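This report concerns only the one structure given below.
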Amino acid sequence: MTAESAEDVDSADEAAPTPATDPRKSGPPIVTAEGIAHAFDGVTVLEGIDLDVDARSMTALVGPNGSGKTTLLRILAGLLAPADGRVRVRATGQRPLGFLPQEPTFRGRFTVGETIDFYAELLETSVDRDAVLERVGLDVVTGRRVDALSGGMLRLLGLAVAMLGDPPLVVLDEPASGLDPKIRAHVFEAIGRLADEDRAVLLATHHLQGAELADRVLVLDRGTVVADGPPEELLAATGADSLEAAFLESVSEGLAVQAGTEGSE
Amino acid sequence: MSRAGRLLAVVDREVATVLRARAYAVVGLGYAAIVLGLGWQSGGGFVPLTVDLLTPVELLVPPVATAFGYRAVLEDTEGKEIEALRTYPLSRLSYVLGVYLGRLAAVLVVVVTPLLLAALLVPGTAGQGSGVVASHEAAGTVLLYLRFVVLSAVFAAVVLAAAVAVSTVARTGRAALALAVVLVVVLVIGADLGIVASLAGGLVGDEGLALLIAASPASAFRGLVLGTVVSVVASETVRAGSAIANGLGLGAWLVGSLAVAVVTVWPTVGEYAWQVVDPGADEPDD
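Line by line, the protein sequences are chains A and B. Once you know that position 154 of the first sequence is 486 in this note's numbering, the rest is easy, because the numbers rise by one and skip nothing. Once you know that position 47 of the second sequence is 1283 in this note's numbering, the rest is easy, because the numbers rise by one and skip nothing.
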């Protein structure tokens, strides 16, 4: 794993040895990003990000609002061209990756089943619709119209659409934002099942409940990676007793620098 | 699923979307009521019916086709569904063509059906006379009228292509509506006013008029109808421009609009910036 712009927390490797069965060590990374930089209207959003995402791993991208999480995910997913840098996705098959946008919507007058059928028709292999919906827990609402789904159900439908065709990489942008705690737990449970199914999951989240499920947490702040490592290493490196405290610790230094800069101007 | 199969899946989805929205039915019924009402009032035969319907069709088809198309792609872009779609093996061309053809199927049914039904009124209204075309005893054949119907369908297809292009360029519903209104105004009166102004200002002479007519979809449509339907039975020479130029003008609008839609529907990401490589392959060189 590389995150050259990050605060190096890999030194904690000795304190928390990686298990021999760690799937992250089982092959080349599925995503390699080098020197990713981006700006909107002259405002730098991402700067010099180098990043590897290992196959069959779950990586959580956390950071404050405006830290560049969504932009980075869209660049990694090939939806947005970076101003600088490049991304390589190592995959085969008809669909190298699936993507769940933030607060996704689908055609409201279609049923859940029809929505899945449409996306399945875009693939080169047949899809067991019922099995897909069962995996995300939507099998009981197959005939329900999309505009009658709750926000949580929409995310689950988005998850189902993202995983159709079994892409080896699934990129999820804030899959649980705006959901109540019960539904959020259900969504993260479904994401956890996704990650168990021989694929890499890369998600941006505000909710550290999701980050706790991850093999690795990247903390993004003002366009750069300020911390990178397994959750337990982040805890060890920051001396925090919770991931939330570790997150605040990771970004507070940046906030302090920012405050100092603003004060001097 | 083959490329054609994926395109058909998008077509099916668009047809189903239109069929399930009452607003489109209301637009279609309104158009049908006007066309059939005018058809009922018309008299004398198929060419008089063509003449009586020409201006209404020229005025009504742009808003009808635009209504069917100006939000077509926006339905996917507004809610970011298009970002999920982009991770499927679906090209920009297949997606845009699928959306266009699905909407076109609906627009053609809406535009053509009332025109064909109006033709059924001709025998019942024959003999009432027409003040516009009176020189031909047979007042045209049904084949001439069908030519008008086909040209109306082509006109609708061209306007719909422009509306789909609007739906790819606009990023919000409000912007799409504003652009759609501009499109309709330009198509219905703007281009004609431009022609008149160019002539009045001496910018173009008679020799350039044919090209100006061809450059405006509505004028080109009118020119084709006048040149290939009305002039066949008219007693006087009908100034309709060049049929070839008018046909090429409509074709250019159709292809140009769809090209704009394909290019703008989503941005391309160059291979240097983002590339899928075989997991077993060595790291590609720059």
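Ideal Cβ placement from N, Cα and C applies to all residues, glycine included. None of the values given here were measured: they were computed from a predicted structure.
Neighbour-count burial assignment, residue i, 16 or more Cβ in a 10 Å radius
i                 : result
Ser1238 (chain B) : exposed
Tyr1336 (chain B) : buried
Pro1284 (chain B) : buried
Gln1277 (chain B) : exposed
Asn1482 (chain B) : buried
Ile523 (chain A)  : buried
Thr1286 (chain B) : buried
Tyr1267 (chain B) : buried
Lys1316 (chain B) : buried
Ser482 (chain A)  : exposed
Gly410 (chain A)  : buried
Ile362 (chain A)  : buried
Thr457 (chain A)  : exposed
Pro513 (chain A)  : exposed
Where residue i falls: helix, strand or coil (DSSP)
i                 : result
Gln434 (chain A)  : coil
Trp1502 (chain B) : coil
Val341 (chain A)  : At Val341 (chain A) the pLDDT is 38, less than 50, meaning the model places this residue with poor confidence; the figure from the coordinates comes in the next sentence. Three-state DSSP puts Val341 (chain A) in coil, outside helix and strand.
His539 (chain A)  : coil
Thr556 (chain A)  : strand
Glu1314 (chain B) : coil
Gln1277 (chain B) : helix
Gly380 (chain A)  : strand
Thr1323 (chain B) : coil
Gly1516 (chain B) : coil
Arg356 (chain A)  : Because Arg356 (chain A) carries a pLDDT of 43, less than 50, the predicted location of this residue cannot be relied on, and the following value inherits that uncertainty. Note: Arg356 (chain A) maps to helix in three-state DSSP.
Cutoff 6 Å; reference residue i; Cβ partners in own chain excluding five residues on either side
i                 : result
Thr1404 (chain B) : Val1309, Ala1497, Thr1500 and Val1501
Arg1242 (chain B) : Leu1326 and Ser1330
Arg516 (chain A)  : Ala508
Residue i versus residue j - alpha carbon distance
i                 : j                 : result
Leu575 (chain A)  : Val1346 (chain B) : 59 Å
Glu1294 (chain B) : Phe1384 (chain B) : 11 Å
Val583 (chain A)  : Val558 (chain A)  : 7 Å
Gly374 (chain A)  : Arg1339 (chain B) : 39 Å
Gly1487 (chain B) : Val1394 (chain B) : 8 Å
Asp1514 (chain B) : Gly425 (chain A)  : 10 Å
Leu1552 (chain B) : Thr437 (chain A)  : Only positions 1237 to 1522 of chain B appear in the structure, and residue 1552 (chain B) is not among them; the question remains open.
Leu1448 (chain B) : Val1440 (chain B) : 9 Å
Gly395 (chain A)  : Gly367 (chain A)  : 19 Å
Ile448 (chain A)  : Arg1258 (chain B) : 24 Å
Leu1333 (chain B) : Thr364 (chain A)  : 34 Å
Ala1450 (chain B) : Val1491 (chain B) : 15 Å
Leu1495 (chain B) : Leu1274 (chain B) : With the sequence shown as reference, residue 1495 (chain B) is identified as Ala, and Leu is not the correct amino acid for it. If I take the Cα positions, the gap works out to 36 Å.
Trp1489 (chain B) : Ala1398 (chain B) : 7 Å
Leu1396 (chain B) : Val533 (chain A)  : 41 Å
Val1424 (chain B) : Met390 (chain A)  : 56 Å
Val1418 (chain B) : Phe442 (chain A)  : 31 Å
Asp416 (chain A)  : His370 (chain A)  : 7 Å
Gly1438 (chain B) : Gly1430 (chain B) : 12 Å
Cβ neighbours of residue i in the same chain (closer than 8 Å, five flanking residues each side left out)
i                 : result
Val519 (chain A)  : Gly484, Arg487, Leu488, Leu491, Pro507, Ala508 and Leu511
Gly1363 (chain B) : Bear in mind that the predicted position of Gly1363 (chain B) carries a pLDDT of just 47, short of 50, making it too unreliable to give a figure here.
Leu1244 (chain B) : Gly1334
Heavy atom of the ligand MN within 7 Å of residue i beta-carbon
i                 : result
Val1491 (chain B) : The ligand MN is absent from the structure shown, which contains no ligand whatsoever.
Rounded distance between the beta-carbons of residue j and residue i, thought under 8 Å
i                : j                 : result
Phe431 (chain A) : Thr1323 (chain B) : 5 Å
Glu544 (chain A) : Pro563 (chain A)  : 6 Å
Gly445 (chain A) : Val478 (chain A)  : That belief does not hold up - the Cβ atoms of Gly445 (chain A) and Val478 (chain A) are roughly 10 Å apart, past 8 Å.
Pro360 (chain A) : Arg422 (chain A)  : 6 Å
Beta-carbon contacts of residue i that lie in its chain and below 7 Å, excluding the five residues immediately before and after
i                : result
Thr376 (chain A) : Gly555
Lys401 (chain A) : Leu393, Gly395, Ala536 and Leu552
Fill in: chain D contacts from the region 493–507 of chain A (Cβ-Cβ distance under 9 Å)
No chain D is present in this structure, whose protein chains are A and B.
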